[in-house]
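Going down the list, the protein sequences come from chains A and B.
Heads up: the first sequence at position 88 corresponds to 88 in this note's numbering, and the numbers run straight through without jumps.
Heads up: the second sequence at position 68 corresponds to 1068 in this note's numbering, and the numbers run straight through without jumps.
Backbone N, C-alpha and C define an ideal beta-carbon position, used for all residues, glycine too.
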Amino acid sequence: LAKTTQPISMDSYEGQEVNITCSHNNIATNDYITWYQQFPSQGPRFIIQGYKTKVTNEVASLFIPADRKSSTLSLPRVSLSDTAVYYCLALQASSGSARQLTFGSGTQLTVLP
Amino acid sequence: NAGVTQTPKFQVLKTGQSMTLQCAQDMNHNSMYWYRQDPGMGLRLIYYSASEGTTDKGEVPNGYNVSRLNKREFSLRLESAAPSQTSVYFCASSLTSGYTDTQYFGPGTRLTVL
């Protein structure tokens, strides 16, 4: 079971780039790194997913080095509305149809004016 | 297209009472999930259904039962509620059970057990 480790909290100011690092030392060969965002009183929402190197979409970028033991979520020019909890997951499938999905405690990002 | 819907939004139970949380999705997804989230914590998987007719235990299944009624609906039942089950319950769905699933979450049910 690939466990992920993230900082508990981070503060940033509006307009800055924010980088949140996730450690996953025991990641399996077929695991994908996936990030979700959760606002208060809402369910999580998918942000981005990747396997290796760099992935970019309209919301964020994800950097995964060759050894895949860590990954970095990059949010360009954050605004107050980016204040949320960010979860890093290593998607894993066990044998059969069972599956262990682990959301850690996440990183509470607070964007300050 | 409503996505994932959950009922009720809020519920207060007394210890020992039973209830069923309902979840439905209109995205024609095959897989559905139930999570719980305790205050200040991440989500923990309770049960999972890869497809209609199949269910599997997640990380914290004790005290819960599930039913995949059809492709759209996945219900979670608490037979004898305990204060330790006070939590926010999220239902989610995904198209398949493959590695690159994107899960779509409902708005949650806030349950308090007194």
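Sub-7 Å separation of residue i and residue j beta-carbons
| i | j | result |
| --- | --- | --- |
| B:Arg1077 | B:Phe1010 | no |
| A:Tyr86 | A:Leu109 | yes |
| A:Ile33 | A:Ile64 | yes |
| B:Tyr1033 | B:Ala1092 | yes |
| A:Gly43 | B:Gly1108 | yes |
| A:Val111 | A:Ser41 | no |
| B:Leu1045 | B:Gly1058 | yes |
| A:Ser70 | A:Ser23 | yes |
| B:Ser1049 | B:Arg1068 | yes |
| B:Cys1023 | B:Phe1074 | yes |
C-beta neighbour in chain A for residue i, strict 7 Å
| i | result |
| --- | --- |
| B:Leu1076 | no |
| B:Thr1015 | no |
| B:Phe1010 | no |
| B:Gly1003 | no |
| B:Thr1109 | no |
| B:Gly1053 | no |
| B:Leu1043 | yes |
| B:Gly1063 | no |
| B:Thr1102 | yes |
| B:Thr1112 | no |
Interface flag, residue i vs chain B, CB-CB below 7 Å
| i | result |
| --- | --- |
| A:Ser105 | yes |
| A:Ala98 | Model confidence at A:Ala98 stands at a pLDDT of 44, short of 50, so the residue's coordinates are unreliable and nothing is read from them. |
Anticipated Cβ contact below 8 Å, residue i with residue j, distance rounded
| i | j | result |
| --- | --- | --- |
| A:Met10 | A:Thr107 | 6 Å |
| B:Asn1065 | B:Glu1052 | Not quite, the Cβ-Cβ distance comes to about 17 Å (not below 8 Å), so this is no contact. |
Beta-bridge pairing of residue i - partner residues as DSSP gives them
| i | result |
| --- | --- |
| A:Gly50 | A:Ile33 |
| B:Arg1036 | B:Arg1044 and B:Tyr1089 |
| A:Thr5 | A:Ser23 |
| B:Gln1025 | B:Val1004 |
At a Cβ cut of 8 Å, what residues of the segment 40-53 of chain A count as close to chain B, listed as they run along the chain?
-> Identification of residues in the segment 40-53 of chain A having a C-beta nearer than 8 Å to some C-beta of chain B yields Ser41, Gln42, Gly43, Pro44, Arg45, Phe46 and Gln49, given in sequence order.
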